[in-house]
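Below is one structure; the comments refer to it alone.
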Amino acid sequence: MSTAPQDRRTFLTRTMGALGATFLLPDAADLLPVLQGPSIKVGLVGAGRQGRAIITELQKIPQVEISALCDVSASRLQTAVGRVSGAQGFADHTSLLAARADVRAIVVATPTHRHRSIVEDALAAGRHVYCESPMASTLDDCRALEKAAASASTVCQAGFQGRSNPTYKRAQPLVRTELRDLVSLYAQSHRKTSWRFPATADVSEREANWRLDPDVSTGLAGEHGAQQMDVAHWLRGEYPVRAAGRGAIRLHKDGRAVADTIEVDLAFKDGVTLRYEATLASSYGGTYEIVRGVNGTIRLAWTHGWLFKEVDAPTQGWEVYATRQQVVDDEGIVLIANATQLAAQGQLQAGAGLPHPSLYYALVDFIRSATEGAPVACSMTEGARASIVGILANQAIVSGQPVDIPAFTG
Amino acid sequence: MGTRFEIALPARDGRVDDSVLRAAGEAAIDEIEEWHRRLSRFAPDSLLSHINRTAAAAPVRLDREVFDLCAEALAVWRDSDGAFDVTMAPALALRGLADSAVPTRGAGGVAAFIRLDDEHRTIAFGRDDVSIDFGGIAKGHALDRAADLLRAAGVHCALLHGGTSSVLAIGCPPGQPGWRVALGQETDRSVITLADSALSMSDPASQREFTGADHIVDPRGGSAAARVVVHGPSARLADAWTTALAVLGHVPPGFPAGYDATFLRSVH
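Here is the structure:
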C-alpha cells in the first residue's frame, strides 16, 4: 500500500497524543502456502470436535488424502467416516496401524491423557505424527513422549500452533527489534461455557467430561493455557522458572472440582512475568496474548495481530507504508506483509485477517516436514516443555502454593 | 450469519438432568458457531472464503455435510427456476448489503457455473467470477445440525431460532400441543403451532424498513415482494424456499413434497 507524505504527517501528528498501532501482516507465501512434495495418506485418531476441525483443514491441502479415521465411539466414527470420502474407519489405533501400512502420517486428537500410547505406537510403527496440544497430562508422559520422538526416524510435531501462525511469525522478530526491553506479558482465554459435554450411548459421562476429571485433567492452565503460554516461550526463547496461581468456581457450581476461573503468574528468570487468566464464566475480551515492551506493545489474536508503538519510540521505514486499524482506544499497525498484493490478486480483502485458521498452518508445516523434509515447526521436546509448564501451572493453582519449574536443558 | 440465535430448553421436565441439558444446549450453540465460522463470507479464514478464493482454479474437496449443503442449494436453484441463487452475493454487494473476505466479482446469478463432483466430493467454479453466499440457507442448515445434536443428547423438547425468521421445534412444551409461533408483529397476526418441524418466514418489506434496501434480490431482475412462510421437516429447505417464493410470488411445480407454503398479506 502506498502512502502519500501528507498521510504520514497526519499519522505522526495523530500518534503524538496516543499509542500508535500497526497490524501485523505476514509474508504472502506464508499466508497461502503451496506444498511441492508428493501426496501422503493421513490417518486421524480422535474424531470429536477437534478432529472435525482437523479434517476440514487437511482437506484443503492437495497433497493430503485422509485414508483412515479412528475413534473409540462407534457413533462418532460413523459420522466422521461419512464426512470424508474414501476413508476407512477403525475402533482403535493399533488396528489402524496394523491394517494400513500405506497411511504414513497420523494426527492425534484424542483426550490429552490418551496421547502417549498412540504417539508412541505410531512412531514405533514408523509413521510421522502430529499430536494436538498439550502433549500429555503428566510430567512422566511428557518426558516419555519427548524420548520417543528423539529416537524416531520420522517427523513428530507438537500442535502448538503459534509457531506456525504467519502473523505470529511476523511478530517474533519485532519483539526484539521494536519493543526493546520487555515490561510484561499477558494472555487470556475467556469463554462462557460449562466445559461439559453430553454423554452418548457409547461415550460415558466420565469419558465425555474428562476435562472436569481432576485425575486426568490439566485444568484450564494445561488444556487451554499451555497453547498460549508457549507463544511466550517461543517469542522469548526461554521458559519460566516459577508458577504461582489461584483458581475458583465462579459460575458452574455443579459439583465439579476443576476451577472454572484461574489466574497464574509465570515468572521468567529475568523477573519478567507472564500473567495468564482463563475463565469459563465470562466471554469478555475473548482469547489473545499481549507482549509489552518499553517501545511498544504487540497484541496477538490468532488470526490478527497489531503493533502499538509508543510515541517516543523511533519510527522504522516500513511502518510508514503499513496498514493501520483502530483497536479500542489505540491505533494499531496491522501485522501482515504483502496483503495489498494479495488483495490486488483478488485473494484477500485488504486489512483482513489470516485467510486460514491457525490450525491449517500448523498442519501444512507438518505435511511439509513429512513430505519435503522441512524442519519441524514445533518439536516434541518443545511441545513436552510447554505441556510441562501448563501442568505445573495447574499444580500451583490446585495446591495454592508456588511451584518451581525445572530448568530445561539440551 | 449476522444474527442472533436462541435455544429454549424447558428444564425439570423429569427426563433430562439440568446440567446435561445445559451441556446439550452449549453443544448446540457450539455447532451453530462452527457453521457460522465455516460458512461466513465475511471471515477470510472460513471454509467458504477458501472455496470462493480457489474453486475457479481447481476443485475444492468438501466433507459430506458441506457437499450436501451445496447440492441442496443447487437443487432449490433448479427447482425454483433460478429464484433461489447462492451466487447472488455480488448483486447484494452492489446494494451495499454484503461484504466479503474475498473481493466480490461478477454480477451474480451464475449458479449454472458451479460444478459438483459427487464421486470425488468436490466443488469447482466454471468461471472465475463466481462467488457463493449461503445467506439464504445457512441459518436453517445450522438449526438442523444443532437440532440433531440436541436429539442425540436425549433432548425431547426445545425451540431454536435464528434471527426469529428461521424456527425449529423439537417436541412440544410440557402440556402443550406445540410451540406457538407468531408470524409478524401486527396485533391480528397469525399464530402457527409448531411441533417436530421447522418454519421460515420472509418479509422483504420488513427488511426494507430496517435497512432501506431489499435483502432478497430477484436473480432475474427486480426485487422480491411476497411475504411468505414455508413450513416443513427441514429448516434448511424451508429457509431456501422462503427466499425462492418471496421472489416468485407463487408456488412452482418443483416445490418439495412434505412442505407447505403460505403467502401472507403485506402490512407495509
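Sequence lines, in order, name chains A and B. Everything in the first sequence is counted per my numbering, starting at 1 for the first residue and increasing by one. Everything in the second sequence is counted per my numbering, starting at 411 for the first residue and increasing by one. Just so it is clear, CB atoms sit at the ideal spot from N, CA and C, and this is done for glycine as well. None of these values were measured; they are calculated from a predicted model.
According to DSSP, residue pairing for residue 279 of chain A in a beta bridge involves A:190 and A:261. Contacts between residue 39 of chain A and chain B, judged by CB atoms closer than 8 Å, are missing: the closest CB pair is about 13 Å apart. The beta carbons of residue 354 of chain A and residue 454 of chain B sit closer together than 8 Å. Positions of the alpha helix (DSSP H) runs, each at least 4 residues long and wholly inside the stretch 59-100 of chain A, are given as 74-83 and 93-99 in order along the chain. Residue pairing by DSSP leaves residue 661 of chain B without any beta bridge partner. For residue 223 of chain A, the number of other beta carbons within 10 angstroms of its own is at least 16, and it is reported as buried. Chain A places no beta carbon closer than 8 Å to that of residue 489 of chain B, leaving this residue out of the contacts.
It is roughly 25 Å from the alpha-carbon of residue 433 of chain B to the alpha-carbon of residue 115 of chain A. Partner residues in a beta bridge of residue 475 of chain B, as assigned by DSSP, do not exist. Per the DSSP secondary-structure output, residue 290 of chain A pairs in a beta bridge with A:186 and A:299. Here DSSP, grouped into helix, strand and coil, assigns residue 366 of chain A to helix. Distance check between residue 603 of chain B and each of B:582, B:488 and B:443 places B:582 closest, using alpha-carbon atoms only. With 16 or more other Cβ atoms inside 10 Å of its own Cβ, residue 650 of chain B counts as buried.
Under the DSSP assignment, residue 571 of chain B falls in the beta strand (DSSP E) whose first and last residues are 568-572. Taking a C-beta distance under 8 Å as the contact criterion, residue 89 of chain A and residue 69 of chain A qualify as a contact pair. Contact check between the stretch 647-664 of chain B and the stretch 482-497 of chain B: three or more CB pairs, one atom from each, fall below 8 Å, which counts as touching.
Look at the beta carbons and you see the stretch 197-206 of chain A not touching the stretch 92-110 of chain A: under three pairs across the two are nearer than 8 Å. For the pair residue 259 of chain A and residue 248 of chain A, the CB atoms are nearer than the 8 Å cut-off.
For residue 562 of chain B, the nearest beta carbon of chain A is closer than 8 Å to its own beta carbon.
Taking the Cα positions, residue 168 of chain A is about 27 Å away from residue 261 of chain A. Flagged as an interface residue toward chain A: residue 471 of chain B, by a C-beta distance shorter than 8 Å. Under DSSP, residue 673 of chain B shares a beta bridge with B:638. Within chain A, no C-beta atom comes nearer than 8 Å to that of residue 598 of chain B; the closest sits roughly 39 Å away. Taking a beta-carbon distance threshold of 8 Å, residue 436 of chain B counts as an interface residue toward chain A. With a beta-carbon spacing of about 7 Å, residue 437 of chain B and residue 563 of chain B fall inside the 8 Å limit used to define contacts. Sequence-distant Cβ neighbours of residue 212 of chain A in its own chain, meaning closer than 8 Å and more than five residues away, are 195, 196, 256, 257 and 258.
Taking 8 Å as the upper bound for CB-CB distance, residue 428 of chain B and residue 418 of chain B are not in contact here, some 14 Å apart. The C-beta of residue 325 of chain A comes no closer than 8 Å to any C-beta of chain B. Judged by DSSP in its simplified three-state form, residue 266 of chain A adopts strand.
A Cβ-Cβ distance of about 12 Å is found for the pair residue 605 of chain B and residue 643 of chain B, leaving them out of contact under the 8 Å criterion. Taking 8 Å as the cut-off, the beta carbon of residue 523 of chain B is found no closer than this to the beta carbon of residue 449 of chain B. Going by beta carbons, residue 64 of chain A and residue 40 of chain A fall inside the 8 Å limit. Interface flag for residue 551 of chain B against chain A is unset, since no Cβ pair is found closer than 8 Å.
The three-state reading of DSSP puts residue 195 of chain A in coil, since its state is none of H, G, I, E or B. Chain-order list of chain A residues neighbouring residue 554 of chain B: empty, with the shortest C-beta distance near 15 Å, by a criterion of under 9 Å. Straight through space, the alpha carbons of residue 44 of chain A and residue 157 of chain A are spaced by roughly 14 Å.
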